[in-house]
Amino acid sequence: MPTTSILSPPTSLFSHSSLNPTSSSSRSFKTLIPSFSQSIKHSKTSLSVRSTMAIEKETPEKERPDTFLREADDSSVSTSKSSTVRARFEKMIRDAQDRVCEAIEVADGRGKFKEDVWSRPGGGGGISRVLQDGDVWEKAGVNVSVVYGLMPPEAYRAAKGGGDSAAKAGPIPFFAAGISSVLHPKNPFAPTLHFNYRYFETDAPKDTPGAPRQWWFGGGTDLTPAYIFEEDVKHFHTQGRFMGKDFLFFRCDGKRGKNECTFEEWEAIELFTLAEYDEFKRFLGEEEENEEERKEEEEEEDEKFADKMNVLESMLCEMIKLAKVIMLPVTEMMKTNTLGRGGGRALTSLLANDWKVQKNACDKFDPSFYPRFKKWCDDYFYIKHRDERRGLGGIFFDDLNDYDQEMLLSFATECASSVVPAYIPIVERRKNTPFTDGHKEWQQLRRGRYVEFNLVYDRGTTFGLKTGGRIESILVSLPLTARWEYDHKPEEGSEEWKLLDACINPKEWI
């Protein structure tokens, strides 16, 4: 019988494999950079540099600040291009954190995020949120950070992928802002999601004044299932509607009596399939009735209206949670009067506008982005010692600065906005699927691969550790439990084998 082991990291070790270059004590930081420490030979200047590089320990905060930016970078104070990009990126990632966390809590039904707000004396701070052991989520982490500091040359090379050994030799001032998230559901048929989007700047090294400031964007969203449902993966990679829910539930705008509202005067507030929508239209009637006929049948209409509402209530009973989640983007449009009143008129435009997912988000900016970033994702999440990918991919990009800065900021914003519509419908579809102990064991074996990649290869984890990062944030990507079995091989042709085959031989899903 194969030997097995279960890894259960301490519950305090929550973090994420992304940019969280925050605190560390000087003692722990010394062990990370011994060669650099020796090279500075204890001169007064070198000691000063070394003490600066020992990033200060973060300070817990009771309340979220309006911004983590220094005053010089606050867009309300500064008008420089770099400062406004920093401010707008911070706003984007904090909005995205709120939006994703709200969707996760609604999908779970019971679990709530624990929030830690922290700041750094050297500049910046962050908000870490973790939901653990809910009804749907085993562990879900959504973190944002906005930090300033100095990093040693090896950390710079880690941030740049190790290919820039000749550039910037001394301690390098940097600015980094990012949102980082890994979502691990309990059900083996619901996939894990990882996403992170980040903006990075470096200034001239302390010993090379006058060097130009460099900036780049990075990020991506990728799916890691234990079992393949092709419709889920295609939805994630390309375009689709939320589980076929094209919407609609209407509410009268209240200007007239309930049973006098025409179809055009009802407001869309919930979601239906098209078939359910057709049923609904049959009850309400899309064409306005003749006024005289309505008066003659007023009493009968009152009775019919009560029947209509009973039917609608029954139709919504099983999908009310889903409706709340899926309505998140629509609710935002309603707040800005994009939909306005009158669900009938809003229907046509909404049905014609499929929800943004990976390819849609890319194509809006450059048709070459999706194939390029999809391949980059497959290559990046490669576990070399296993000769397989961590999951079924998505998009990934880094060091991106060969386009206009405004365009890339908009692109990162679009990608972050696509996370909820790309992922939540899949979880809603799978979260209550019955499963066996065998299914759960396979999920934990695949999570073992997740741990291996994140601790051995992930660039964000490497960068965070080399800059003395906040360990709770760096390791939040790890699942609550994972599993390793000696020489485990799934039976050829099984569902488990199909997943492994797709990880070894990446597929084109569109």
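Just so you know, we're using full-length UniProt numbering here: the sequence shown kicks off at 1 and counts up by one.
By construction, the Cβ of each residue, glycine as well, lies at the ideal position given by its N, Cα and C atoms.
Source: prediction; values computed, not measured.
Should VAL117 and ARG64 be called a contact, given that it needs their Cβ atoms to be closer than 8 Å? yes
Nearest-angstrom Cβ-Cβ length linking GLY218 and LEU400, presumed shorter than 8 Å: A Cβ-Cβ separation of about 6 Å places GLY218 in contact with LEU400 under the 8 Å criterion.
I believe LEU223 touches LEU392 by the beta-carbon criterion, under 8 Å. Please report the beta-carbon distance rounded to the nearest angstrom. 5 Å
Could you give the residue range of the alpha helix (DSSP H) that holds LEU499? 495-504
From this set, TRP376, SER128, ALA422, LYS374, which residue's C-alpha is nearest ILE471's C-alpha? Ranked by Cα distance from ILE471, the first of TRP376, SER128, ALA422, LYS374 is SER128.
Residue 512 (DSSP reduced to helix, strand or coil): No answer is possible for residue 512: the residues shown for the chain start at 1 and end at 510.
For ILE93, is the classification buried or exposed, using 16 other Cβ atoms within 10 angstroms of its Cβ as the cut-off for buried? buried
On the premise that CYS362 lies in contact with TYR370, defined as a C-beta separation below 8 Å, what is that separation, rounded to the nearest angstrom? Sure, about 4 Å apart at Cβ, within 8 Å.
THR433, buried or exposed, once every other Cβ within 10 Å from all chains shown has been counted against 16: exposed
Should TYR227 and GLU495 be called a contact, given that it needs their Cβ atoms to be closer than 8 Å? yes
Report yes or no: do the segment 184-204 and the segment 482-501 share at least 3 C-beta pairs separated by less than 8 Å? no
Taking the C-alpha atoms as reference points, what is the distance between SER15 and LEU480? With a pLDDT of 35 at SER15, under the threshold of 50, the modelled position of this residue cannot be trusted, and the question is left open.
What three-state label does DSSP hand THR84 in the structure shown? Correct three-state label for THR84: helix.
What is the C-beta distance between PRO188 and LYS440, in whole angstroms, given that I count them as a contact (C-beta under 8 Å)? 6 Å between Cβ atoms; contact.
GLU102 beta carbon less than 8 Å from that of LEU69: no
Give me, in chain order, the residues of the same chain whose beta-carbon lies closer than 7 Å to that of PRO449; leave out the 5 immediate sequence neighbours on both sides. It is worth fixing the name first, because residue 449 is Arg in this sequence and not Pro. Cβ neighbours of ARG449 beyond the five flanking positions: ILE383, ARG386, ARG390.
Three-state secondary structure (DSSP) of SER181: strand
Using C-beta distances below 6 Å, list every residue in its chain close to ASP232, excluding the 5 sequence neighbours before and after it, in chain order. Cβ within range, chain order: ILE426.
Cβ-based neighbour list, ILE104, same chain, cut-off 6 Å, excluding 5 preceding and 5 following: Result list for ILE104: ALA140, in chain order.
C-alpha gap between VAL106 and PRO60, whole angstroms: 27 Å
Cβ neighbour criterion (16 or more within 10 Å) applied to TYR403: By the 10 Å Cβ count, TYR403 comes out exposed.
Roughly how many angstroms lie between the CA atoms of PHE381 and SER180, to the nearest whole one? 16 Å
Helix, strand or coil: which one does DSSP assign to ASP399? strand
Between the CA atoms of ILE474 and THR462 - distance to the nearest angstrom: 9 Å
Rounded C-alpha distance that separates ARG446 from ALA482: 8 Å
Taking the C-alpha atoms as reference points, what is the distance between VAL147 and LYS489? 44 Å
State the DSSP-derived secondary structure class of ASN432, mapped to helix, strand or coil. coil
For the alpha helix (DSSP H) containing ASP378, name the first residue and the last one. Going by DSSP, ASP378 is part of the alpha helix (DSSP H) stretching over 369-380.
Short Cβ contact (8 Å threshold) for PHE195 with GLY220: It is a contact, given that the beta carbons lie within the stated cut-off.
LYS139: first and last residue of the uninterrupted beta strand (DSSP E) it sits in: 137-151
Quick one, which of THR84, GLY178, LYS62, THR67 has its alpha-carbon nearest GLU406's? THR84
Using a Cβ-Cβ cutoff of less than 8 Å, which residues in the same chain neighbour ASP133 once the five nearest sequence positions on both sides are dropped? GLY111, LYS139, LEU480
To the nearest angstrom, how far is the alpha carbon of TRP442 from that of LEU500? CA-to-CA, the gap between TRP442 and LEU500 works out to about 11 Å.
Could you tell me if ASN143 is buried or exposed, where buried requires 16 or more neighbouring beta carbons within 10 angstroms of its beta carbon? buried
Check each candidate in ASP398, ARG459, ASN360 and name the one with the smallest Cα separation from SER417. ASN360
Enclosing beta strand (DSSP E) for THR221 [first to last residue]: Segment 214-224, the beta strand (DSSP E) holding THR221.
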